[in-house]
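Structure record follows, encoded as structure tokens.
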Amino acid sequence: MLKFFRPVLAGLIIAALASCSTNQERYLLPPIENVKTYRSGVRTVEVTRIDLPAYAEDSEISVLGEDGVLRPTKSGFWADAPDRALTELLAAGLDQSLSASVAAEPWPFETPPDVQVEIKVHNLSGIPGQVLTLSGQYFLTSPAHGHLERAHRFSFAVPMADDSLNAVAAAQSQAIKLLVEDIARRIAN
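In structure tokens:
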């Protein structure tokens, strides 16, 4: 009798798990487009993995409520690890913006980069349909030459088109674009 119930029980568990997973929508960050371009005196730039607050590292998308409480959406998930996705987006934006070769870590070249960018995000949240805030600090150093050590604070507020998770993703990309332009301008100077 037990042998009969095992396959049935296994089938029910697989069906339950499959029905749960179909309700999980995955969201990509839209690519950055139309960034300001700068001529820079550096040849290579490395972007280290972005340091995010714990709530922003989670693959389940959390949004800020009117009461100031962050809540998971239960059905919206990032398609990639948030720190990796934001790092790659920032590196791609800097690559478009600067006249230098830009790569995210791990550094793919033998020669150390002329400039290394490290970012610590303090806040990445927003109320859907209102404003997304990206704030923190970034550091510019020069592992190859050792003469560059700068720290800069940033804070950007980006309006969200509506209360959808697509609008949250679009606002995050727009905030990263603003950060790209700020970093590129400072590297070029």
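The numbering of the sequence shown is our numbering, which starts it at 63 and goes up by one. Backbone N, C-alpha and C fix where the C-beta goes; we use that ideal spot for every residue, glycine too.
query: Mind checking Q86: buried by the 16 CB within 10 Å criterion, or exposed?
result: The residue labelled residue 86 in the question sits at position 24 within the sequence shown. With fewer than 16 other Cβ atoms within 10 Å, it is exposed.
field: T149 - containing alpha helix (DSSP H), residue span
entry: Numbered from its first residue, the sequence shown carries residue 149 at position 87. That run of the alpha helix (DSSP H) goes P144 to S159.
- request: Taking 7 Å as the cut-off, decide whether the C-beta atoms of L241 and V220 are in contact.
  value: Along the sequence shown, read from residue 1 onward, the residue named residue 241 stands at position 179. Along the sequence shown, read from residue 1 onward, the residue named residue 220 stands at position 158. Not a contact, by the Cβ cut-off of 7 Å.
- prompt: Does the beta-carbon distance from I112 to T149 come in below 7 Å?
  reply: Here residue 112 refers to the residue found at position 50 of the sequence shown. Here residue 149 refers to the residue found at position 87 of the sequence shown. Cβ atoms of I112 and T149: closer than 7 Å.
message: Can you check whether the C-beta of V183 is within less than 7 Å of a C-beta belonging to chain D?
response: Absent from the structure: chain D. Only one protein chain is present.
query: According to the Cβ coordinates, are M222 and A229 closer than 7 Å?
result: By 1-based counting over the sequence shown, the position of residue 222 is 160. By 1-based counting over the sequence shown, the position of residue 229 is 167. Against a cut-off of 7 Å, the Cβ pair of A229 and M222 comes out as a contact.
task: Measure from the alpha carbon of F216 to the alpha carbon of each residue in S137, L186 and P205, then state which is nearest.
output: For the purposes of this step, residue 216 is taken as the residue at position 154 of the sequence shown. F216 has its Cα closest to that of L186, out of S137, L186 and P205.
- request: Can you tell me which of the three DSSP states S235 falls into?
  value: As a position in the sequence shown, residue 235 is number 173, starting the count at 1. Note: S235 maps to helix in three-state DSSP.
field: N96 versus V164: straight-line alpha-carbon distance, rounded
entry: As a position in the sequence shown, residue 96 is number 34, starting the count at 1. As a position in the sequence shown, residue 164 is number 102, starting the count at 1. If you take the alpha carbons of N96 and V164, they lie about 17 Å apart.
message: Excluding the 5 residues flanking P212 on each side, which residues of the same chain have their C-beta closer than 6 Å to its C-beta?
response: The residue you call residue 212 lines up with position 150 of the sequence shown. Reading off the sequence shown, one finds Arg at residue 212, where the question assumed Pro. So the qualifying residues of the chain are L202.
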